[in-house]
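A.B. asks: Before we start, here is the structure in question, set down as structure tokens.
Numbering (the numbering used here), first residue to last: 170 to 770.
Now the structure itself:
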């Protein structure tokens, strides 16, 4: 018994010593690799520093009155009561006083400038819509003249502020440089056509009010500030996600404005001939503007059913109205067609591609199951991305802008790939531009076991499942958005780049693919990163090919872990039992040991 206990303890000591030697070897390899390549990060997590305890604050000395000062707000603090809470805030007047107007304004990206253009365009619309109404219809009376003049001069103030404050601070490009100098910006505006039109639209014709009375036609130059309107359209369309909706509204407003002007002219012609003097003119009954607007709609759209003009003036007016209506209406219809066509251009392209593909599949009698999957791919790709190929959209952009977009979309995912950690940052940027987006349908095989791996996959959206097991259908792991697989196949060679498992899309999956040939073209310009990647790939392949017990993880439950060597006397007894062909306990034990040894092998 003492001998068996001694042998058992010596076997345990030997096993422990072997484990210690193995751990020291692994530690030495890691330190050696760290010294050779400082960019390789350690697998050990850095200890987190414990937060320093702040020193206890001294107790405040109570004031002579006995009340603690911290319980009441100081004189410099301001509080705003809302519902049942009190919020600390600065007075709005102080915030307004501390606001500094920018010395220069970027007209392309400054949202404050777009908001200001909105107010300028509202003032311009006031003049364009209401000057004809006040001139033709009897809506401006001595009783309400002060209200009309108040809004008129408020619009003039907006025009004046636009000239003095905003237009003189607009940045401009000269010789490729963005000019922000105050004097240069002012001189550029004074030399522009915009300044001449702005100056013309503010002609002080209002002084004639004292001689001929308040005539709205004297404010007609205010309508010449049309350049602000077109600039506002361009700026607003640049920031809207669905600009075609605004274009449809704007084109409709053009049509309504042409009808508005025509109704004003019809009332003026009726008043010139005499209200109710003939059957063609307005008879003066009902709402004058609505009745005249109805007549203008029927005339411009050429509906018909109008009374015949009687006098020469009425005939000439009606002829001009018909010609103008046909021309204006055809222009509006054509412009509306262009707007709707531009808004649905992508949808039209998608339909044409899908129709061509279906026609091709029907010509070659492709099975219906395959045709249904192709249709499903078209529909999902279009509805998820809004386009069939993202690369077509980015081809027109400069290389720098394509890189900026690729960094925002993919850099956070690619930078976490263990294979690329420590590589040249510019190499990662070049690699981002080569990524290609592919959509996989449910149960589509992304890659199959045994095939040659030529791509790396990054999951952008959806999930994929890694299948294995005896039947090859057991789900080993499910990879979600942000996961990466297949990266070792990019650099492995000599049979190491074969897929080791089946990967199937679980539902719709959108993946980014980096091909091996693209990576090789990039690595030609980064030899240091190429060496580092090949070293990491070899190490990852070596770790993946190790048995589980070598890595320190739990082994197969059927395999007995290594124990102390069998004593020689026991071996001799087992050998003698085998030669003699006995059937006792030793024979059964000998057969069992041979079976376990075969399983371990």
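Where a beta carbon is used, it is the ideal one built from N, C-alpha and C, also for glycine.
(1) Would you list the one or two residues that DSSP bridges to residue 667?
(2) Measure how close the beta-carbons of residue 576 and residue 601 come, nearest whole angstrom, since I'm counting them as under 8 Å.
(3) Leaving out five residues on either side along the sequence, give the residues of the same chain with a beta carbon under 8 Å from the beta carbon of residue 340.
(4) Spatial neighbours of residue 374 within its chain, please: C-beta separation below 8 Å, excluding the five flanking residues on both sides.
(5) If distances are taken between C-alpha atoms only, which option among 457, 424, 524, 356 comes closest to residue 498?
(6) Is it buried or exposed, residue 727, if we count other Cβ atoms within 10 angstroms and call 16 or more buried?
(7) Could you tell me the distance, in whole angstroms, from the CA atom of residue 606 to the CA atom of residue 706?
(8) If you count every other CB in all the chains shown that lies within 10 Å of the CB of residue 480, and 16 or more means buried, which is it?
(9) So, for residue 558: in the same chain, excluding its five sequence neighbours on each side, which residues have a beta-carbon less than 7 Å away from its beta-carbon?
(10) Just checking my contact of residue 406 with residue 395 at CB under 8 Å: how many whole Å lie between their CB atoms?
(11) Suppose the cutoff is 7 Å on Cβ atoms and the five residues either side in sequence are ignored; what does the same chain contact list for residue 563 look like?
(12) In its own chain, which residues sit with a C-beta less than 7 Å from the C-beta of residue 409, not counting the 5 before and 5 after it?
(13) Check residue 647 in the structure and name its three-state DSSP category.
(14) Quick one: any contact between the stretch 629-641 and the stretch 665-674, if contact means 3 or more CB pairs under 8 Å?
(15) Have a look at residue 303 and residue 309 and give me their C-alpha separation to the nearest angstrom.
(16) What first and last residue would you give for the beta strand (DSSP E) that runs through residue 606?
(17) Could you pull out every residue in the same chain whose Cβ sits closer than 6 Å to the Cβ of residue 377, ignoring the five residues on either side in sequence?
(18) Mapping DSSP to helix, strand and coil, what is residue 718?
(19) Taking Cβ to Cβ, would you say residue 656 is nearer than 8 Å to residue 586?
(20) Round the Cβ separation of residue 483 and residue 449 to the nearest angstrom and send it over; I've been treating them as touching at under 8 Å.
(21) Please determine, among 305, 453, 698, the residue with the shortest C-alpha to C-alpha distance to residue 595.
(22) Are the CB atoms of residue 458 and residue 439 nearer to each other than 8 Å?
(23) Between which two residues does the beta strand (DSSP E) carrying residue 616 extend?
(24) My assumption, with CB atoms under 8 Å, is that residue 286 sits in contact with residue 404. Please give the rounded CB distance.
(25) I need the boundaries of the alpha helix (DSSP H) containing residue 508, first residue and last residue.
(26) Taking the beta strand (DSSP E) that residue 430 falls in, what are its first and last residues?
(27) Spatial neighbours of residue 225 within its chain, please: C-beta separation below 8 Å, excluding the five flanking residues on both sides.
(28) Return yes when the Cβ of residue 398 is within less than 8 Å of the Cβ of residue 290, no when it is not.
(29) For a quick check, are the C-beta atoms of residue 491 and residue 471 less than 8 Å apart?
(30) Locate the beta strand (DSSP E) running through residue 348, then write down its first and last residues.
(31) For the beta strand (DSSP E) holding residue 343, just list the boundary residues, first then last.
(32) State the DSSP-derived secondary structure class of residue 552, mapped to helix, strand or coil.
(33) So which of 524, 466, 435 has the shortest CA-CA distance to residue 453?
(34) Go through its chain and collect everything with a Cβ distance to residue 187's Cβ below 6 Å, but skip five positions before and after it.
(35) Hey, how far is the Cα of residue 156 from the Cα of residue 198?
(36) Could you tell me the alpha carbon to alpha carbon distance between residue 798 and residue 631, rounded to whole angstroms?
C.D. replies: On the basis of the supplied data:
(1) 621
(2) 6 Å
(3) 273, 274, 275, 276, 347, 348, 349, 354
(4) 387, 388, 390
(5) 424
(6) Caution is warranted here: a pLDDT of 37 is assigned to residue 727, below 50, making its placement in the model unreliable, and no coordinate value can be reported.
(7) 25 Å
(8) exposed
(9) none
(10) Not quite, the Cβ-Cβ distance comes to about 17 Å (not below 8 Å), so this is no contact.
(11) 571, 574
(12) 415
(13) strand
(14) yes
(15) 6 Å
(16) 605-609
(17) 387
(18) Reliability fails at residue 718, whose pLDDT of 46 lies under 50, so the model's placement of it is uncertain and no value is given.
(19) yes
(20) 5 Å
(21) 698
(22) no
(23) 614-616
(24) 6 Å
(25) 481-512
(26) Note, residue 430: premise wrong, no beta strand (DSSP E); alpha helix (DSSP H) at 412-442.
(27) Its pLDDT being 45, under 50, residue 225 is placed unreliably by the model, and the measurement read from it follows with that caveat. So no residue of the chain qualifies.
(28) yes
(29) yes
(30) 346-348
(31) 341-343
(32) helix
(33) 435
(34) none
(35) No statement about residue 156 is possible, as the shown extent of the chain runs from 170 to 770 and does not include it.
(36) Outside the displayed span of the chain (170 to 770) sits residue 798, for which this structure offers no information.
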